[in-house]
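With our numbering applied, the sequence shown covers 56 to 860.
Structure record follows, encoded as structure tokens.
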Amino acid sequence: MLRNGFVALLVSVSAVLTTAETSAFSKASNDSLLWGPYRSNLYFGIRPRLPRSLSTGLLWARVEDFTVIQDQIRVTCEQHAGMAGYGWDAYDPRIGGVQVVHDKGHGIDLETSFVKFDEGIGGWAARIKGTIRDDAEAGAGSPRGTHQLKTAVWFSVTLDGIGSIEPRDAESNAELGYEDEVEFTGNSADLGDFKLRITEPKSNSHPVASHEAYQSRPLDRTLVNSFQIAQENIWQTKGMLYSSLRTTIDELVEIYGNDKLPPPWQTFTIPNKPGKGNGHLVQKNFEGPFEFDVFYTPASKEAVTSEDLTKALKSASEAFDKKYSSTFQRQAPFTDKKYDGFGKSLFSNLIGGIGYFHGDQMIDRSYAPEYEEDDENFWEAAAEARARGAQTPEGPYELFTSVPSRPFFPRGFLWDEGFHLLPILEWDAEIAMQIISSWYNTMDSDGWIAREQIVGDEARSKVPVEFQVQYPHYANPPTLFMAIEALLNKFDGSAKTKGALSEKFADPEAVRSWLTTLYPLLQRNFDWYRRTQAGDIKTYEREAFSSKEGYRWRGRTPRHTLTSGLDDYPRAQPPHIGELHVDLLSWIGLMARNIQRIASYLGETEDATRYGKIVEAIGRNVDDLHWSKENKAYCDVTADEYDESSHVCHKGYISLFPFMTGLIGPEHQHLKEVLDLIADENELWSPFGIRSLSTRDSGYGQDENYWRSPIWINMNYLIVKELLNISQQPGPQRERAQTLYSALRKNLVDNVYNSWLDTGFAWEQYNPDTGAGQRTQHFTGWTSLVVQLMAMPDLKAGVKVHDEL
């Protein structure tokens with residue numbers, strides 16, 4: 056009964072928000088977001104925002120060597136896979152854009168353009184264009200030089216769920232392959248009848264082979280292999296390809312033996328067996344540069360031509376450039392054109408990394424006593440409870456979200472998503488609002504949202520087993536509230552009373568309706584944090600304004616506080632049930648502030664008064680509980696061996712959380728000391744950004760060194776934003792904040808830009824000594840916040856890095 060009740064309530068939450076989206080956003084607006092490159096983990100994979108539907112993917116390889124095919128077929132984005140950079144150069148989710156994959160390892164630059172017709176629901180088209188790189192090395196079988204290199208390209212087409220799809224004229228092309236374009240016809244409950252065409256331009260060159268096998272499978276034909284695939288495996292296009300290639304290889308070995316096989320470009324071909332099935336592989340073989348188009352259209356629509364696509368791509372590119380220039384107007388000292396492509400790339404990859412996920416999640420709802428973490432050595436007991444493996448699959452869930460990194464983190468992260476939404480909100484507020492709604496669709500009846508959204512088998516395939524299970528006892532920074540705050544800030548100065556919206560919103564009343572529907576869910580989420588992450592103030596006789604507003608991250612171990620988002624940042628040793636964490640109190644203060652704003656805006660005066668009291672209590676308790684006079688910094692709190700309260704001070708990002716979350720105003724008594732810490736180059740300041748941990752801390756650069764020295768752009772963005780706020784208000788620290796703001800903003804942008812020039816990538820974090828990008832590659836999640844940094848006002852151009860700090 057309990058479980059059935061939970062599922063029913065979860066469904067009702069989802070239904071409420073879906074209804075809210077329908078009323079807040081027009082049908083045309085929703086239709087324009089139906090299709091997209093929503094398989095974020097692939098270099099290029101198109102699907103709609105529908106649970107079980109049509110899906111496509113692109114695979115390719117250079118086929119001049121028998122060994123390269125074993126592990127270098129490109130399909131999923133991978134770390135350090137021989138790329139000189141890849142991603143969207145320009146992308147708008149409503150119209151499309153252009154992506155380029157600089158595949159240095161395969162000697163080719165692959166342009167994958169995507170554009171929508173008739174506002175998305177009417178159809179879309181993609182252009183796949185290969186250009187030989189200048190630094191491409193000549194391979195075996197290329198006596199005429201690198202421009203003759205041979206590339207095999209496969210395009211996968213799958214249909215999940217009820218419906219059908221099959222290639223036309225299968226019987227007449229079953230012998231040698233398709234000489235002209237390949238057309239699929241299909242239908243599904245959600246899409247109706249549709250067509251998918253893959254062209255074969257006459258300008259392409261194809262490899263030849265003197266081997267007699269060429270006669271039965273000429274490489275100037277397009278090959279199609281059709282399958283019937285189990286639903287749980289339908290996303291595994293690479294496995295489908297390997298199976299097809301193995302069939303051909305086994306056949307050729309049986310006929311010719313291992314010593315007389317055809318050359319690789321002839322051997323690595325799929326069987327040409329077009330027909331019925333829910334999965335199809337289409338293979339094209341090229342010599343030198345190539346190009347072909349893919350068109351999807353509802354059966355009732357007129358066919359789109361390659362000429363139409365060329366015009367649409369030009370129009371999409373021009374529209375993106377115009378909108379980008381007006382949305383993110385770069386301010387000095389970043390007005391030089393050299394920053395243009397950089398900014399467009401980072402933003403396009405952020406918004407082009409939005410994915411749609413559907414499927415179950417692994418959740419442990421065992422509610423074992425060990426998860427309460429109320430006993431000594433609680434982390435050991437909790438680990439034993441997790442080891443019992445009480446998780447079960449739940450769902451299905453749906454999630455529409457951007458991702459931190461397509462190769463390494465192609466899934467939803469609560470910690471990251473609020474940061475992602477800040478630039479997205481500037482571009483298209485409705486997209487940001489739909490993403491927020493999607494996240495709240497996953498919230499359970501208690502108000503818990505999983506910190507990682509590993510939804511479905513495809514998403515799970517990229518996650519180590521030990522990190523797949525989610526626990527409804529554990530929190531994560533509630534960064535969605537930052538995005539909601541940014542949305543509220545789009546109101547004009549009289550927003551609290553009038554609710555007037557900026558011109559970016561077509562229908563202010565619809566947005567008001569959306570906030571009205573979202574409000575009780577935000578309340579439930581807020582209550583969950585305060586209830587499940589409550590800390591103990593009374594037992595340890597701590598003097599504080601409020602006996603309630605102190606909090607402790609659950610899920611601690613001696614080495615990690617993964618739930619905080621700051622994984623290995625040093626905390627009290629050993630962990631203690633009497634701990635209080637200043638970053639968590641700061642996050643809950645940010646939540647309370649924004650729920651109060653929404654309550655006031657919606658006319659919920661009693662709620663607004665109640666939340667206002669919580670805001671005040673948190674503001675007072677931050678100082679009463681967490682300010683260390685001795686260390687002149689905000690610190691965590693623990694209980695010593697005598698059960699007496701004491702501060703645990705590891706100066707760094709933790710110390711700045713009350714400042715970063717806006718709890719410290721321009722007249723605050725500790726603002727000067729906070730700025731002292733930021734500005735001290737022997738503590739946190741570096742020429743490349745603010746370090747995560749003070750150089751004077753004994754843990755600096757030690758252990759995993761994940762959050763123990765590196766520079767993180769999300770934290771630095773919050774610091775810059777608050778420095779700007781202080782610098783624009785009267786107060787004793789105004790001029791100093793302005794100087795710090797200007798210098799830090801310039802350091803951050805220039806360093807990320809220089810690293811991008813050197814490597815072709817944005818990175819997860821940056822080295823505090825050299826500025827080099829490190830850890831996760833192609834981290835175009837919160838690192839893309841540099842786009843907003845460049846658009847912030849120039850308060851003092853030309854400030855020297857440290858002379859005036």
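The beta carbon of each residue, even a glycine, is placed where N, CA and C say it ideally should be.
- In terms of CA proximity to Ile-128, Leu-114 leads the group Asp-120, Ala-139, Leu-114 and Gln-134.
- Restricted to the segment 710-756, the alpha helix (DSSP H) segments that are unbroken, complete and at least 4 residues in length are 726-734, listed in chain order.
- DSSP places Lys-82 in the uninterrupted alpha helix (DSSP H) bounded by 82-86.
- Taking the CA atoms as reference points, Gly-112 sits about 11 Å from Ala-181.
- Taking the Cα positions, Glu-736 is about 29 Å away from Asn-676.
- Separation of Glu-661 and Ala-647 (C-alpha to C-alpha, rounded to the nearest whole angstrom) is 14 Å.
- Counting only unbroken stretches of 3 or more residues, the beta strand (DSSP E) elements lying wholly within the segment 166-253 are 178-187, 205-214, 218-222, 237-243 and 247-253, in sequence order.
- Of the residues assessed, Asp-638 falls on the buried side of the cut-off, its CB having 16 or more other CB atoms within 10 angstroms.
- The Cβ-Cβ distance between Gly-467 and Val-458 falls below 8 Å.
- With a cut-off of 8 Å on Cβ pairs, the segment 503-517 is not in contact with the segment 683-701, counting fewer than three such pairs.
- Rounded to the nearest whole angstrom, the CA to CA distance from Val-263 to Leu-274 is 7 Å.
- Here Tyr-93 has Arg-102, Gly-410 and Tyr-411 as same chain residues with Cβ atoms under 6 Å from its own Cβ, once five neighbours each way along the sequence are excluded.
- With fewer than 16 neighbouring CB atoms inside 10 Å of its own CB, Ile-217 falls in the exposed class.
- If only complete runs of 4 or more residues are kept, the segment 485-560 shows the alpha helix (DSSP H) at 511-515 and 535-543, in order along the chain.
- Here Asn-280 is bridged, per DSSP, to Lys-328 and Leu-336.
- Your pair Pro-478 and Ser-839 checks out as a contact, with CB atoms roughly 6 Å apart and the cut at 8 Å.
- The beta-carbon distance between Tyr-821 and Ile-733, rounded to whole angstroms, is 17 Å. This is too long to meet the 8 Å contact definition.
- Within the same chain, Pro-527 come within 7 Å of Arg-420 by CB-CB distance, once the 5 residues on both sides are set aside.
- Take the alpha-carbon of Asn-806 and the one of Lys-331: they are about 54 Å apart.
- Within the model, the alpha-carbon separation for Val-703 versus Arg-117 is close to 56 Å.
- In the displayed model, Val-842 falls within a helix according to three-state DSSP.
- Beta-carbon to beta-carbon, His-636 and Ser-655 are separated by about 29 Å, too far to satisfy the 8 Å threshold.
- Straight through space, the alpha carbons of Thr-794 and Ser-260 are spaced by roughly 59 Å.
- If you draw a straight line from the Cα of Gly-658 to the Cα of Gln-783, it comes to about 30 Å.
- Between Pro-148 and Ile-406, the gap from beta carbon to beta carbon is short of 8 Å.
- Considering only Glu-119, Ile-745, Leu-336 and Glu-671, the residue with the shortest C-alpha distance to Gly-707 is Ile-745.
- For Ala-798, the secondary structure class from DSSP, reduced to helix, strand or coil, is helix.
- Taken through DSSP and simplified to helix, strand or coil, Gln-832 comes out as strand.
- Under DSSP, the beta-bridge partners assigned to Val-692 are Leu-635 and His-702.
- When beta bridges are read from the DSSP output, Ser-361 appears opposite no residue.
- Looking only at Gly-398, Ala-589, Ala-207 and Gly-142, the smallest Cα-Cα distance to Gly-343 is reached by Ala-207.
- In its chain, beyond the 5 residues on either side, Leu-476, Ile-479, Leu-480, Ala-538 and Leu-542 have a beta carbon closer than 8 Å to the beta carbon of Ala-487.
- With 16 or more other Cβ atoms inside 10 Å of its own Cβ, Lys-776 counts as buried.
- About 19 Å separates the Cβ atoms of Leu-296 and Ala-268, ruling out a contact at the 8 Å cut-off.
- Within the model, the alpha-carbon separation for Ile-183 versus Ser-110 is close to 17 Å.
- By a beta-carbon distance limit of 8 Å, Gly-398 does not contact Pro-451. Their separation comes to about 37 Å.
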